[in-house]
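In my numbering, the protein residues as written are 3 to 347. Where is the CB? At the ideal position from N, CA and C, for every residue including glycine. Take a look at the structure below.
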């Protein structure tokens with residue numbers, strides 16, 4: 003947090019805005035995916051609309067965003083990040099297509115443990131016992147629906163969600179974790195300008211999606227959708243427009259979050275968002291809501307809160323220079339990075 007803390011109303015407004023656009027993104031994505039079977043084309047349109055809105059913002063408000071120049075050196079420097087981002091988005095959209103909206107956060111629940119593991123591996127810093135305990139809660143929350151404690155729940159561990167959906171969620175979590183590491187160097191390439199990075203990620207990811215769309219055979223599906231032979235064209239068009247706009251707003255919300263909120267504040271808002279996402283999933287899509295799922299969500303939220311509380315507390319104390327540079331990885335970091343090109347969701 004900055005030295006002069008912003009007023010409560012401003013923090014509440016930014017957090018509410020970020021929470022709202024993130025929830026809309028997931029719910030509208032899920033709605034469209036239940037109406038059509040063109041996830042990659044849908045994702046391509048989202049990214050393209052977000053790029054278009056960034057271009058329009060550069061024309062209407064050059065002080066907010068100016069179209070950056072792309073040279074060969076910059077392209078090569080951003081290529082690894084954009085590739086990881088693209089693969090993560092593909093895993094993300096297919097995961098959301100397979101799992102319930104209320105369970106989506108559980109499917110990607112291993113993001114924190116994997117991020118901690120990779121950060122420890124790349125930096126050589128051994129995670130503390132408190133961090134390991136936090137990761138244990140998150141990991142157990144992820145596996146709870148498959149291996150429930152018999153004295154807590156008598157419900158069967160089967161048919162909670164497709165195994166493929168959970169595997170895609172794990173793969174997505176891996177990509178988010180790798181992205182969290184690569185984004186630090188990528189920000190240096192664009193002089194710390196988040197909107198510049200968002201622009202290049204969205205643009206290059208949209209271009210990179212084209213071969214996947216061709217290979218997946220979705221072109222034929224688009225033709226059938228337009229002819230009215232398959233899917234809901236109206237839902238597809240509305241959903242693409244809404245999520246494209248929301249993807250742009252997530253970039254703005256992420257910038258505001260960095261300036262106004264602290265990681266702890268954002269972590270608590272993420273916990274509230276998880277609860278709201280569960281309620282909306284049950285209400286809008288009639289998702290299954292049982293003891294196993296409740297416990298999974300609670301364990302993952304608890305692990306995330308413990309992790310953020312420990313990291314925030316440790317940063318208050320005087321630390322050696324190398325430890326002080328250790329990144330504070332929270333839902334704010336994770337959501338913002340996905341929001342740069344989302345998520346999506």
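Asked: Taking C-beta to C-beta, are residue 259 and residue 13 nearer than 7 Å?; Found: no
Asked: Would residue 285 be called buried (16 or more neighbouring beta carbons within 10 Å of its own) or exposed?; Found: exposed
Asked: So, do the stretch 39 to 47 and the stretch 173 to 192 have three or more beta carbon pairs nearer to each other than 8 Å?; Found: no
Asked: Put residue 128 into one of helix, strand or coil per three-state DSSP.; Found: coil
Asked: Can the beta-carbon of residue 301 be found closer than 7 Å to that of residue 142?; Found: yes
Asked: Just the Cα atoms here: how many angstroms apart are residue 330 and residue 310?; Found: Annotation note: pLDDT 41 at residue 330 (below 50); position unreliable, no value reported.
Asked: Taking the beta carbon of residue 7 as the centre, do at least 16 other beta carbons fall within 10 Å, making it buried, or is it exposed?; Found: exposed
Asked: Residue 281 to residue 292, Cα distance in whole Å?; Found: 12 Å
Asked: Residue 108 and residue 137 - do their beta-carbons sit closer together than 7 Å?; Found: no
Asked: Just list the beta strand (DSSP E) runs in the stretch 5 to 69, keeping only unbroken ones of 3 residues or longer that don't cross its boundaries, in chain order.; Found: none
Asked: Alpha helix (DSSP H) containing residue 226: first to last residue?; Found: 220 to 229
Asked: State the Cα-Cα distance for the pair residue 278 and residue 253, rounded to the nearest angstrom.; Found: 21 Å
Asked: Just mark residue 174 as buried or exposed, buried being the case when its beta carbon has 16 or more other beta carbons within 10 Å.; Found: buried
Asked: Just how far apart, CA to CA, sit residue 230 and residue 236?; Found: 10 Å
Asked: Could you spell out the range, first to last residue, of the alpha helix (DSSP H) harbouring residue 82?; Found: 74 to 100
Asked: If contact is defined by three or more beta carbon pairs under 8 Å, each pair taking one atom from either stretch, is the stretch 21 to 36 in contact with the stretch 203 to 212?; Found: no
Asked: Distance cutoff 7 Å, beta carbons only. Does residue 292 sit that close to anything in chain D?; Found: Of the protein chains in the structure, only one exists, and it is not chain D.
Asked: Counting C-beta neighbours from all protein chains within 10 Å, is the total for residue 2 16 or more, i.e. buried, or is it exposed?; Found: With the chain represented from 3 up to 347, any question about residue 2 goes unanswered, as that position is not in the structure.
Asked: Which two residues bound the contiguous alpha helix (DSSP H) that contains residue 348?; Found: With the chain covering 3 to 347 only, the question about residue 348 has no answer from this structure.
Asked: Could you check the C-alpha separation between residue 248 and residue 23 for me, to the nearest Å?; Found: 6 Å
Asked: When you compare the stretch 120 to 137 with the stretch 213 to 227, are there three or more beta-carbon pairs, one atom per stretch, that lie closer than 8 Å?; Found: no
Asked: Flag this pair as yes or no: are the beta carbons of residue 93 and residue 211 separated by less than 7 Å?; Found: no
Asked: According to DSSP, is residue 195 part of a helix, a strand, or is it coil?; Found: coil
Asked: Helix, strand or coil for residue 233, going by three-state DSSP, please let me know.; Found: coil
Asked: The alpha helix (DSSP H) with residue 109 in it runs from where to where?; Found: 106 to 109
Asked: Out of curiosity, what's the CA-to-CA distance linking residue 308 and residue 133?; Found: 8 Å
Asked: Looking only at its own chain, which residues have a Cβ that is under 6 Å from the Cβ of residue 155, when we skip the five neighbours before and after it?; Found: With a pLDDT of 48 at residue 155, under the threshold of 50, the modelled position of this residue cannot be trusted; read the value that follows with caution. Excluding sequence neighbours, residue 155 sits near 293 and 294.
Asked: Taking the straight line between their C-alpha atoms, what separation do you get for residue 104 and residue 116?; Found: 22 Å
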